[in-house]
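Numbering (our numbering), first residue to last: 5 to 372. The beta-carbon is built from N, C-alpha and C at its ideal position, and this holds for glycine as well. Right, one structure below, let's go through it.
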Amino acid sequence: MKHTLDIVPLKSWLDTGDKPLIIAGPCSAETEEQVVSTAHLLANTGKVNVLRAGIWKPRTRPGEFEGIGSIGLEWLKRAKEETGLLTATEVATAKHVEEALAAGVDILWVGARSTANPFTVQEIADALQGVDVPVLVKNPVNPDLSLWIGALERINGAGIKKLAAIHRGFSSFEKTAFRNEPMWDLAIQLKSACPELPIINDPSHICGNRELIPYIAQKAMDMDLQGLIIESHIDPSVAWTDAKQQVTPAALSDLLDNLSVRRPESNNPAFEDKLAELRQQIDQLDDAILKQIGDRMKIAEKIGEYKRDNNVTILQVSRWDEIVEKRLQLARALTLSDDFATKYLELLHNESIRKQNEVMNTKPVAEA
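Set out below in structure tokens:
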């Protein structure tokens, strides 16, 4: 389903030429020297468009460093005056909005915890009424596309037309290499739902450690996202928050130098013809796959009828375990990942159970 947002193109409020938008800076503003020195090093790379720094930090537990507070806004102002970089910070209350705007902060963003709470988003939106400032909205902590779009709509409804989303990954109970699971499908769904909306990737919060950042940053460029927001600290080893996921300005410069930025489309007719041919093959295979799935479900319905008539339960765990074991072996032989194959089998199994459940709760024709 398409969602219409009344926004202006990214290039109209922050033209980066043919390069992606790069926002960088410390997770937290700690001292004036730290903010200003980091800003100078970032500006000297010639690759950073916006300086970011957390002034107010929403922490999971009390007693942790919750941001330096309003005094840090003056440090951002000084960094901007000395380097020419635009500045950005997170806001979570109407008071944050008012103070940040009064201090001349150029770009505001709504954090993941705030996006998850419509009351908080609406408070921020109300404080933005009549203001012409770019606002970036991070995805909510949990994978909820409607909640993400709803937050964007609330901010847009306040008259903010310079709007973008930040993809920072999603919380998951599963322990993986990432701090927050990328769940790229959610970013793709947002692009499909709001085609005109710029999406910026936050590899720092997805990764949770600096070693994985280049991989995620490149993946974001390959997915045609419009920019990156990366945490950078003059000395990450002594950072007060999220030390493991911050990089030095020099490391950031190297990362950006090694980034391959690809075009979303080609002007080469021969390329377009070949691509159209390959896509047609994909379409034909997709049609065949869906037809076979339909045929599979008809057999599942017959199984449901047979179980009903013989008073047997729908779910038989031993059969499910057998399916998974055999199909995973085949999937590996076909160089398909276990994760993909397992999710595919679970979807088929759930639909099969749904079909059988419908049949088993319908009386046989002879009894009807």
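DSSP state of W113 mapped onto helix, strand, coil: Judged by DSSP in its simplified three-state form, W113 adopts strand.
So the candidates are V109, G108 and K99; which of them puts its Cα closest to the Cα of T124? Considering only alpha carbons, the answer is K99.
Is V336 helix, strand or coil by DSSP? Here residue 336 is Arg; the residue named in the question, Val, does not match the sequence. Note: R336 maps to helix in three-state DSSP.
Out of K248, I238 and K179, which has the shortest C-alpha to C-alpha gap to P207? Out of K248, I238 and K179, K248 has the C-alpha closest to the C-alpha of P207.
Quick test of the definition: if touching needs 3 or more C-beta pairs under 8 Å, does the segment 47–61 touch the segment 70–79? Flag = yes, the segment 47–61 and the segment 70–79 touch.
Rounded C-alpha distance that separates D261 from K23: Taking the straight line joining both Cα atoms gives about 12 Å.
Report the three-state DSSP secondary structure of I59 (helix, strand or coil). Here I59 sits in coil by DSSP.
Name, in chain order, the residues that DSSP records as bridge partners for I234. Paired residue(s): A28.
For E78, does the count of other Cβ atoms within 10 angstroms reach 16, so buried, or fall short, so exposed? When all chains shown are included, E78 counts as exposed.
With a threshold of 6 Å on Cβ separation, who are the neighbours of V251 within its own chain once the five nearest residues in sequence on each side are excluded? Excluding residues up to 5 positions away in sequence, R214 and S236 lie with their Cβ nearer than 6 Å to the Cβ of V251 in the same chain.
So what's Q182 in DSSP terms, helix, strand or just coil? As written in the sequence, residue 182 is Phe, which differs from the Gln given in the question. Coil.
State whether the segment 218–226 contacts the segment 145–161, with contact taken as three or more CB pairs (one from each stretch) at a distance under 8 Å. With a cut-off of 8 Å, the segment 145–161 and the segment 218–226 do not count as touching, because too few Cβ pairs lie within range.
Below 7 Å CB to CB, which residues in the same chain sit around E309 once its five sequence neighbours on both sides are set aside? Correct list, in chain order: V363.
Residues bridged to V145 [DSSP beta-bridge criterion]: Per DSSP, V145 has no beta bridge partner at all.
When DSSP builds the beta bridges, which residues end up paired with A388? An answer regarding residue 388 cannot be provided, because it is not within the stretch 5 to 372 covered by the chain.
Whole-angstrom distance between Q285 and L167, CA atom to CA atom: Rounded to whole angstroms, the separation of the alpha carbons of Q285 and L167 is 37 Å.
Is the CB-CB distance between A335 and D342 below 9 Å? A contact, by the Cβ cut-off of 9 Å.
When the Cα atoms are used, what is the spatial distance from P192 to K367? The sequence given here places Ile at residue 192; Pro does not occur at that position. Taking the straight line joining both Cα atoms gives about 43 Å.
Which one of E178, N184 and V101 has the shortest CA to CA distance from A116? Comparing Cα positions, the closest option is N184.
Quick one: what's got a C-beta closer than 8 Å to H353's C-beta in the same chain, skipping five residues either side? These residues qualify, in order along the chain: W324 and I327.
Quick check: N48 and L18, are their CB atoms within less than 9 Å of each other? No; because the gap between Cβ atoms is not below 9 Å, this pair is not in contact.
Kindly indicate which three-state DSSP category V363 falls into: helix, strand or coil? V363 falls in the helix class under three-state DSSP.
Here's the rule: buried if 16 or more other CB atoms are within 10 angstroms of the residue's CB, otherwise exposed. What is P273? P273 is classed as exposed because its beta carbon has fewer than 16 other beta carbons within 10 Å across all chains shown.
Between which two residues does the beta strand (DSSP E) harbouring A197 extend? For A197, there is no enclosing beta strand (DSSP E); the residue is found in the alpha helix (DSSP H) stretching over W188 to A197.
Smallest Cα separation from L259: which of Q296, I297, E276 and P218? Of the listed residues, the one whose Cα sits closest to L259 is P218.
Going by alpha carbons, who is nearest to E68 out of K311, S41, S356 and T245? Checking every option, the nearest Cα to that of E68 belongs to T245.
What do you reckon, are the CB atoms on V141 and A169 nearer than 9 Å? In this structure, the beta-carbon distance from V141 to A169 falls below 9 Å.
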